[in-house]
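*Asks:* First the structure, which I've put down as structure tokens, then a few questions once you've had a look.
2 protein chains.
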Amino acid sequence: MTKRSILTFETYDDWDVVPMEAEYTVYNLPHGASLDSLPQEAFDTVEAFAFRGHDHLGAAVMDAFPKLGMIANYGVGYDTIDVAHATSRGIRVSNTPDVLTEDVADLAVGMLIAGARGMTGASDWIRSGNWAKNGAYGLQRKVSGSRVGVVGLGRIGRAVAERLVPFGCDIHYFARSPKDTPGWTHHGDIVSLAGAVDSLIVCVSGGPETIGIVGAEAIAALGPDGFLVNASRGTTLDEGALLDALESGGLGRAALDVFLNEPDLDPRFLALDNVLLSPHQSSGTVETRKVMGQLQRDNLAAYFAGTPLLTPVN
Amino acid sequence: MTKRSILTFETYDDWDVVPMEAEYTVYNLPHGASLDSLPQEAFDTVEAFAFRGHDHLGAAVMDAFPKLGMIANYGVGYDTIDVAHATSRGIRVSNTPDVLTEDVADLAVGMLIAGARGMTGASDWIRSGNWAKNGAYGLQRKVSGSRVGVVGLGRIGRAVAERLVPFGCDIHYFARSPKDTPGWTHHGDIVSLAGAVDSLIVCVSGGPETIGIVGAEAIAALGPDGFLVNASRGTTLDEGALLDALESGGLGRAALDVFLNEPDLDPRFLALDNVLLSPHQSSGTVETRKVMGQLQRDNLAAYFAGTPLLTPVN
Chain A
1 MTKRSILTFE
11 TYDDWDVVPM
21 EAEYTVYNLP
31 HGASLDSLPQ
41 EAFDTVEAFA
51 FRGHDHLGAA
61 VMDAFPKLGM
71 IANYGVGYDT
81 IDVAHATSRG
91 IRVSNTPDVL
101 TEDVADLAVG
111 MLIAGARGMT
121 GASDWIRSGN
131 WAKNGAYGLQ
141 RKVSGSRVGV
151 VGLGRIGRAV
161 AERLVPFGCD
171 IHYFARSPKD
181 TPGWTHHGDI
191 VSLAGAVDSL
201 IVCVSGGPET
211 IGIVGAEAIA
221 ALGPDGFLVN
231 ASRGTTLDEG
241 ALLDALESGG
251 LGRAALDVFL
261 NEPDLDPRFL
271 ALDNVLLSPH
281 QSSGTVETRK
291 VMGQLQRDNL
301 AAYFAGTPLL
311 TPVN
Chain B
1001 MTKRSILTFE
1011 TYDDWDVVPM
1021 EAEYTVYNLP
1031 HGASLDSLPQ
1041 EAFDTVEAFA
1051 FRGHDHLGAA
1061 VMDAFPKLGM
1071 IANYGVGYDT
1081 IDVAHATSRG
1091 IRVSNTPDVL
1101 TEDVADLAVG
1111 MLIAGARGMT
1121 GASDWIRSGN
1131 WAKNGAYGLQ
1141 RKVSGSRVGV
1151 VGLGRIGRAV
1161 AERLVPFGCD
1171 IHYFARSPKD
1181 TPGWTHHGDI
1191 VSLAGAVDSL
1201 IVCVSGGPET
1211 IGIVGAEAIA
1221 ALGPDGFLVN
1231 ASRGTTLDEG
1241 ALLDALESGG
1251 LGRAALDVFL
1261 NEPDLDPRFL
1271 ALDNVLLSPH
1281 QSSGTVETRK
1291 VMGQLQRDNL
1301 AAYFAGTPLL
1311 TPVN
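For the protein sequence lines, the chains are A and B, in the order given.
The opening residue of the first sequence carries number 1 in my numbering; numbering runs sequentially from there.
The opening residue of the second sequence carries number 1001 in my numbering; numbering runs sequentially from there.
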């Protein structure tokens, strides 16, 4: 039987490439490559995309493949995919929710602790010889018992908040309406939330509805002693206001796994010593990436078999 | 009324110095200074020590102060103090337990996440320009759902384990006898514990009874994929065996807040990229240090008032 054809975007690990090539004729579009680099038969035969990466996937790319019927996204966030256009053409879209919730929540809590306790600076303090030469590292800030605000109480926000319960943290959250929680405090407004807490952790999805929802006013409300953690998308923060506040001392600290224009992040971040930088690795564990790849392939297999997608987006 | 005299060791923050000087005539022995640097009236009048630091406090120093009746230690661990000699001379000793449990547990969990997720390397990956130039940071290891072994289920060990419950970690622990736990697995032997888990967190107290209790055999049992976290005392590990294993790949990773001969740690640590280094800052937050200083002064006040010490050691 002739293999069906798929197009993969960016680079996959061997544990994904091997089973994809066993099942399909696989064309690949590496990061930064132009569609022109593909052979004509790719345009003629590709029926599904195994999509990943942070570049925009819009009408022009989809329409270049007349037989395209399926976009299987590797990741929970699909804000880079023009789902409306896909739907209008009858192209199915799937993602990989749930399987990466734990990793993202783990990293968000790790960033909260590492940022509050100054752990990267602490490592530098030793490696530069300062500890032996100049004595104790500066005192940092306590996590247990602090007031933490979670922006967005979806799967990931809830997983973050639950992890902070045994730390005795006083949990506040922003959501459009109050949720069923073990006594956490609801705020219908992010500025109100930011004014009530020591640290704010952004856990909302990306996409047009959340662009800049943590803005200059919320950052000011968090204040010179405040700490902002972002493990969602670079778009959810007003990055210019954030940089201004970190530079001026209007905001105390930040820990960021996501940025606008990543990986080409704003060089102003590199000049700051009150920000913990992380290269969008919230789901970047061996364990989780294997499960994400399997779920992506399971959605592709369902599409080709004509059975319901496991985790459909549209 | 004449002020009583105390001797402070090492350096205190202003929020401690001001109230101590208001209450007492204060002599100070900075880190590395010799007793000879003190004036004769210090030896004649000092009745109590406000002790801190990691240098040994033995008979010679105590006996140089004939009126010494009290050593108030700043910190929970008093392994550097010769308590037996103090007791034989009728000198009371106090410490500051409980108030730093949360900070130590927070940092231990932070080291577990930061180490597993390679957070300092991730920061370096961005700051060195590698993310933009060479693409995604390498995949790391998952924390949620992993098997974690806690060596010592005292106040701090229990606080660490409790924090890991909502991470879905499978908790194992070493203690001489089984404790009352929510289903955690007891091991009466540290090598058995190390062989059953992905990560081992050392939470026992220092002192003669725990010297090298995590030895070469336990490190080997943890193995090339294993991760060792130490937030207790440098003495509790066989540091030579640990360095050998980290260098050879016999142990996967380590995260260490404590070292032998700190702050002059073994330079072999600095050549390793599979170890997260932290400069003994487990209780190093503004919030906790203020509470520790207050408890130290409350013990001093109780001694001088002739009332029971709040947190006696002997």
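Here a beta-carbon is modelled for each residue, glycine too, at the ideal position from N, C-alpha and C.
(1) Helix or strand or just coil, what does DSSP make of A/Y173?
(2) Are the C-beta atoms of A/H186 and some chain B residue less than 8 Å apart?
(3) Who are the near neighbours of A/T185 in its chain, counting only those whose CB is closer than 8 Å to its CB and skipping five residues on each side?
(4) Taking the C-alpha atoms as reference points, what is the distance between A/P97 and A/P312?
(5) Buried or exposed: where does B/W1125 fall if 16 or more other Cβ atoms within 10 Å of its Cβ makes it buried?
(6) Please state the DSSP three-state secondary structure of B/R1141.
(7) Just the Cα atoms here: how many angstroms apart are B/R984 and B/T1101?
(8) Select from B/L1276, B/K1290, B/V1291, B/Y1137 the residue whose C-alpha is nearest the C-alpha of B/G1115.
(9) The beta strand (DSSP E) with A/T336 in it runs from where to where?
(10) Leaving aside the five residues before and after B/Q1281 along the sequence, list all residues of the same chain whose C-beta is less than 8 Å from its C-beta, in chain order.
(11) Using 8 Å as the cut-off, can you tell me whether the stretch 1038-1048 of chain B makes contact with the stretch 1059-1070 of chain B, which would need three or more C-beta pairs spanning the two stretches below that distance?
(12) Candidates B/D1013, B/I1071, B/G1252: which alpha carbon is nearest B/A1220's?
(13) When you compare the CB of B/H1031 with every CB in chain A, is at least one pair closer than 8 Å?
(14) Measuring alpha carbon to alpha carbon, tell me which of B/V1093, B/L1222, B/N1230, B/A1059 ends up nearest B/T1210.
(15) In the DSSP output, which residue or residues are listed as bridge partners for A/I91?
(16) For B/D1189, which residues in chain A fall below 8 Å Cβ to Cβ?
(17) Going along chain A, which residues have a C-beta under 8 Å from B/P1178?
(18) Along the chain, where does the alpha helix (DSSP H) containing A/V18 start, and where does it finish?
(19) Taking only beta-carbon positions, decide if A/T181 is within less than 8 Å of chain B.
(20) If I measure Cβ to Cβ from A/N28 and keep anything under 7 Å in the same chain, skipping five residues before and after, which residues do I get?
(21) Starting from B/D1106, find everything on chain E with Cβ-Cβ shorter than 9 Å and list it in chain order.
(22) Are there three or more Cβ pairs, one per stretch, closer than 8 Å when the stretch 1068-1083 of chain B is compared with the stretch 1293-1302 of chain B?
(23) Name, going along the chain, the residues of the stretch 225-237 of chain A whose beta-carbon falls closer than 8 Å to a beta-carbon of chain B.
(24) Which chain B residues are close to A/V286, counting only those with a beta carbon under 7 Å from its beta carbon?
(25) Since A/L309 and A/Y303 should fall inside the 8 Å C-beta cutoff, what is the C-beta to C-beta distance between them, to a whole number of angstroms?
(26) Determine the contact status of B/N1095 and B/V1076, defining contact as a CB-CB distance below 8 Å.
(27) Are the beta-carbon atoms belonging to B/Y1074 and B/F1051 less than 8 Å from one another?
(28) At the level of alpha carbons, what is the spacing between A/R92 and A/A305?
(29) Under 8 Å, Cβ to Cβ, is there at least one residue of chain B near A/W15?
(30) Measure the C-alpha to C-alpha separation of A/I81 and A/G58 and round it to an integer number of angstroms.
(31) Is the Cβ of B/G1075 closer than 8 Å to any Cβ of chain A?
(32) How would you list, in chain order, the residues of chain B whose beta-carbon sits under 7 Å from the beta-carbon of A/L276?
(33) Whole angstroms is fine: what's the gap from B/V1061's alpha carbon to B/T1011's?
(34) Kindly give me the distance between the Cβ atoms of A/T236 and A/V202, rounded to whole angstroms, as I take these residues to be in contact under 8 Å.
(35) Report all residues from its chain with a CB closer than 7 Å to the CB of A/F167; omit the five preceding and five following residues, and keep chain order.
(36) Whole angstroms are fine: how far does the CA of A/Y78 sit from the CA of A/L260?
*Replies:* By the coordinates alone:
(1) Residue state, collapsed to three classes: strand.
(2) no
(3) If you ignore the 5 residues before and after A/T185, its C-beta comes within less than 8 Å of the C-beta of D170, I171, H172, Y173, A196, all in its own chain and listed in chain order.
(4) 10 Å
(5) buried
(6) coil
(7) Residue 984 of chain B falls outside the range modelled here, since chain B spans only 1001 to 1314, and no answer is possible.
(8) B/L1276
(9) With chain A represented from 1 up to 314, any question about residue 336 of chain A goes unanswered, as that position is not in the structure.
(10) Scanning its chain for C-beta atoms nearer than 8 Å, with the 5 sequence neighbours on each side dropped, one finds around B/Q1281 the residues L1107, D1257, in chain order.
(11) Segment contact: the stretch 1038-1048 of chain B against the stretch 1059-1070 of chain B, three or more CB-CB distances shorter than 8 Å; contact assigned.
(12) B/G1252
(13) yes
(14) B/N1230
(15) According to DSSP, A/I91 bridges with nothing at all.
(16) Among the residues of chain A, none has a CB under 8 Å from the CB of B/D1189; the nearest is roughly 28 Å distant.
(17) In chain order: nothing, as chain A lies at least about 22 Å away.
(18) 14-23
(19) no
(20) T8
(21) The structure shown contains no chain E; its protein chains are A and B.
(22) yes
(23) For the stretch 225-237 of chain A, the set of residues with a beta-carbon nearer than 8 Å to any beta-carbon of chain B is empty.
(24) Against A/V286, the close residues of chain B are L1139, R1141, in the order they occur along the chain (beta-carbon pairs closer than 7 Å).
(25) 6 Å between Cβ atoms; contact.
(26) yes
(27) yes
(28) 13 Å
(29) no
(30) 6 Å
(31) no
(32) S1123
(33) Their backbone Cα atoms lie some 18 Å apart in a straight line.
(34) Rounded, the Cβ-Cβ distance is 5 Å, consistent with contact.
(35) V143, S144, listed in sequence order.
(36) Separation of A/L260 and A/Y78 (C-alpha to C-alpha, rounded to the nearest whole angstrom) is 16 Å.
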